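Student: Numbering (our numbering), first residue to last: 155 to 577.
The C-beta atom is built at its ideal place from N, Cα and C for all residues, glycine as well.
These numbers come from a predicted model, not from an experiment.
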């Protein structure tokens, strides 16, 4: 009862819960919910797909209003469906407790019913148990259930395979993820990359963000509520410190943070004591503002240890901002050395459990010396910077276009229906 109560309130009160309830207790409660849901699933007899029971079309289920990356990814899938010939509706499922759930882009498509015969469930695998517990069981019956999952490591966790009986098929945005899941199931696992869009607004210029007009700016972004060890913002910060001196004029590092605690900001600023070229942005920004910020800087940096897709990197490339990134995991499927500064790495073993990233798995440790060299080259060779900007933009416009994504989605849905694919 306590477990369900805590997580039932978490959407609105998660920040307060974290202050008054120990993380260890919250994790135990979450584990209890997951174990209870798995036990329920073992007793549950799902009725298989019956195409004639409901009209053809797609029920997109996910947190469409969330203003974090998962919400944006869900909206990209909605945009693909909107640009397709497929009827669809959106069922907003919100459980994770993110404090900003006010994106209204697809409010006009949100409904309380699921009228169609395909469910496309864009919910993280570790939240499927909560979805199974909270949603009416009839939702899973007689429809073709597709899970759209993201994951960042090579090995897909065994614990999540317990949810596979709910599904007929798995989609992921990268072959990197698909390979890991295929090792754990005989279900069809299809790679359906996101389309990428990044609208900007000229009102959100450097002056708006309090940034200097005359400096060559590098951008690092991170959210303290995400797993910082995976995102590894300190890698980019270390590379910048290797590339440039404290008082070097003409350049600057912009650090955009979300949900940063005062003590974390204090440590960050102490790390840059004596530097005159560091700029902090701590305000919560809307998506259009984030896109515009990325366009206003000169280079975007991501020395991540693992990525499930790398949406922000793709968005940076699309708006013409050159990217320095770790040459490993899902982002390598839309990035290469011709269109980005790809940084070498060595594999490192995860030494301690870090949320869902368990001890014994491996990820990549980017070479900060090489990243520092990339930073200097982009600053000193403006022809190279301009060429990389152009190539990156053209590459993403083609590789992750709406047209390609829509064709993949339509063809797969029509395959499910046993109809001819679209040429």
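1. Below 8 Å between beta carbons: does that hold for residue 295 and residue 200?
2. Restricting to Cα atoms, I'd like to know which of 369, 541, 308, 454 is closest to residue 336.
3. Measuring only the C-alpha atoms, how far is residue 462 from residue 451?
4. Could you tell me the boundaries of the beta strand (DSSP E) in which residue 205 lies?
5. Residue 294 by DSSP, collapsed to three states: which one?
6. Check each candidate in 313, 551, 491, 306 and name the one with the smallest Cα separation from residue 193.
7. Please state if the CB of residue 504 and the CB of residue 649 are separated by a distance shorter than 8 Å.
8. Here's the rule: buried if 16 or more other CB atoms are within 10 angstroms of the residue's CB, otherwise exposed. What is residue 514?
9. Does the region 415-430 come within contact of the region 468-488, defined as at least 3 CB pairs closer than 8 Å?
10. Kindly indicate which residue of 562, 447, 217, 290 has the alpha-carbon position closest to the one of residue 259.
11. Could you tell me the distance, in whole angstroms, from the CA atom of residue 425 to the CA atom of residue 211?
12. If you follow the beta strand (DSSP E) that residue 358 is in, where does it begin and where does it stop?
13. Assess contact between the region 313-328 and the region 340-359, defined as three or more Cβ pairs (one per stretch) separated by less than 8 Å. Is contact present?
14. Any idea if residue 386 is buried or exposed, counting beta-carbon neighbours within 10 angstroms, 16 or more meaning buried?
15. Report the partner residues of residue 370 according to the DSSP bridge assignment.
16. With three or more beta-carbon pairs closer than 8 Å as the criterion, would you say the region 383-401 touches the region 463-475?
17. Name the DSSP beta bridge partners of residue 97, please?
18. What does the alpha-carbon distance come out to for the pair residue 301 and residue 548?
19. Could you compute how far the alpha carbon of residue 154 sits from the alpha carbon of residue 232?
20. Starting from the C-beta of residue 435, find all residues in its chain whose C-beta is less than 8 Å away, skip the five residues before and the five after it, and write them out in chain order.
21. What is the DSSP secondary structure of residue 536, counted as helix, strand or coil?
22. Taking 8 Å as the threshold (C-beta atoms), are residue 453 and residue 432 in contact?
23. Curious, which full-length beta strand (DSSP E) runs of at least 3 residues does the region 210-269 contain?
24. Taking 8 Å as the limit between beta carbons, can you name the residues of its chain near residue 522, skipping five residues before and five after?
25. Provide the residue(s) that pair with residue 344 in DSSP beta bridges, ordered along the chain.
26. If you follow the beta strand (DSSP E) that residue 273 is in, where does it begin and where does it stop?
27. Grouping DSSP H, G and I as helix and E and B as strand, with all else coil, what is residue 504?
28. With C-beta atoms as the reference, is residue 357 less than 8 Å away from residue 367?
29. What residues in its chain sit with their C-beta under 7 Å from that of residue 554, if we drop five residues either side in the sequence?
30. Residue 562 to residue 534, Cα distance in whole Å?
31. Compute the Euclidean distance between the alpha carbons of residue 289 and residue 509, then round it to the nearest angstrom.
32. Residues in the same chain with beta-carbon distance under 6 Å from residue 429, minus the five sequence neighbours each way, listed in chain order, please.
33. Going by CA-CA distance only, name the one from 246, 495, 272, 322 that's closest to residue 285.
34. For residue 521, does the three-state DSSP call read helix, strand or coil?
35. Are the CB atoms of residue 519 and residue 459 within a distance shorter than 8 Å?
36. Thinking C-alpha only, which one of 190, 227, 223 is nearest residue 559?
Tutor: Judging by the given coordinates:
1. Position 141 of the chain shown, counted from the first residue, corresponds to residue 295. Position 46 of the chain shown, counted from the first residue, corresponds to residue 200. In contact: residue 295 and residue 200 (Cβ atoms closer than 8 Å).
2. For this step, residue 336 is matched to residue 182 along the chain shown. That would be 308, whose Cα lies nearest to the Cα of residue 336.
3. Against the chain shown, residue 462 aligns to sequence position 308. Against the chain shown, residue 451 aligns to sequence position 297. So the alpha carbons of these two residues sit roughly 24 Å apart.
4. Indexing the chain shown from 1 puts residue 205 at position 51. Looking at the DSSP string, residue 205 is not in any beta strand (DSSP E), and its letter there is neither H nor E.
5. If you number the chain shown from 1, residue 294 lands on position 140. Three-state DSSP puts residue 294 in a helix.
6. Walking along the chain shown from the start, residue 193 turns up at place 39. The option with the nearest alpha carbon to residue 193 is 313.
7. Outside the modelled stretch of the chain, which goes from 155 to 577, sits residue 649, for which no answer is possible.
8. One-based indexing of the chain shown puts residue 514 at position 360. Exposed is the call here.
9. no
10. Here residue 259 is taken as the residue at index 105 of the chain shown, counted from 1. If we check each option's Cα against that of residue 259, 217 comes out closest.
11. Position 271 of the chain shown, counted from the first residue, corresponds to residue 425. Position 57 of the chain shown, counted from the first residue, corresponds to residue 211. Approximately 53 Å, taken between the alpha carbons.
12. Here residue 358 refers to the residue found at position 204 when the chain shown is read from its first residue. It is not in any beta strand (DSSP E) - residue 358 carries neither H nor E in the DSSP assignment.
13. yes
14. Translated into positions along the chain shown, residue 386 becomes position 232. Looking at its Cβ environment, which holds 16 or more other Cβ atoms inside 10 Å, residue 386 is buried.
15. As a first step, residue 370 is located in the chain shown; it is residue number 216 there, counting from the start. Looking at the DSSP assignment, residue 370 forms a beta bridge with 405.
16. no
17. Beyond the ends of the chain as shown, which are 155 and 577, falls residue 97; an answer cannot be given.
18. Translated into the one-based positions of the chain shown, residue 301 becomes position 147. Translated into the one-based positions of the chain shown, residue 548 becomes position 394. Distance between the alpha carbons of residue 301 and residue 548: 31 Å.
19. Because the chain spans 155 through 577 in this model, residue 154 falls outside it and cannot be assessed.
20. As a working note, residue 435 is residue 281 in the chain shown. For residue 435, where only same-chain residues beyond five positions count, the Cβ hits under 8 Å are 363, 364, 408, 409, 410, 411, 447.
21. As a working mapping, residue 536 is identified with position 382 in the chain shown. Three-state DSSP puts residue 536 in a helix.
22. Along the chain shown, read from residue 1 onward, the residue named residue 432 stands at position 278. Along the chain shown, read from residue 1 onward, the residue named residue 453 stands at position 299. No. Outside cutoff.
23. 212-216, 242-246
24. The count along the chain shown starts at 1 and reaches residue 522 at position 368. Excluding positions up to five away in sequence, the list reads 389, 392, 393, 396, 457.
25. Counted from its first residue, the chain shown places residue 344 at position 190. Beta-bridge pairing links residue 344 to 325.
26. Walking along the chain shown from the start, residue 273 turns up at place 119. 272-276 is the extent of the beta strand (DSSP E) around residue 273.
27. Start at 1 with the first residue of the chain shown, and residue 504 comes out as number 350. It is coil, neither helix nor strand.
28. The residue you call residue 357 lines up with position 203 of the chain shown. The residue you call residue 367 lines up with position 213 of the chain shown. Cβ atoms of residue 357 and residue 367: not closer than 8 Å.
29. Taking the chain shown and counting its residues from 1, the one referred to as residue 554 is at position 400. Answer for residue 554: 347, 348, 349, 350, 468, 488, listed in chain order.
30. The residue you call residue 562 lines up with position 408 of the chain shown. The residue you call residue 534 lines up with position 380 of the chain shown. Near 41 Å, if we compare the C-alpha coordinates of residue 534 and residue 562.
31. By one-based count along the chain shown, residue 289 stands at place 135. By one-based count along the chain shown, residue 509 stands at place 355. Going by the C-alpha atoms only, they are around 25 Å apart.
32. For the purposes of this step, residue 429 is taken as residue 275 along the chain shown, with counting starting at 1. The residues are 400.
33. Mapped onto the chain shown, residue 285 falls at position 131. The option with the nearest alpha carbon to residue 285 is 246.
34. For the purposes of this step, residue 521 is taken as the residue at position 367 of the chain shown. Residue state, collapsed to three classes: coil.
35. Position 305 of the chain shown, counting from 1, holds the residue named residue 459. Position 365 of the chain shown, counting from 1, holds the residue named residue 519. Cβ distance < 8 Å, so residue 459 and residue 519 count as in contact.
36. As a first step, residue 559 is located in the chain shown; it is residue number 405 there, counting from the start. The option with the nearest alpha carbon to residue 559 is 227.
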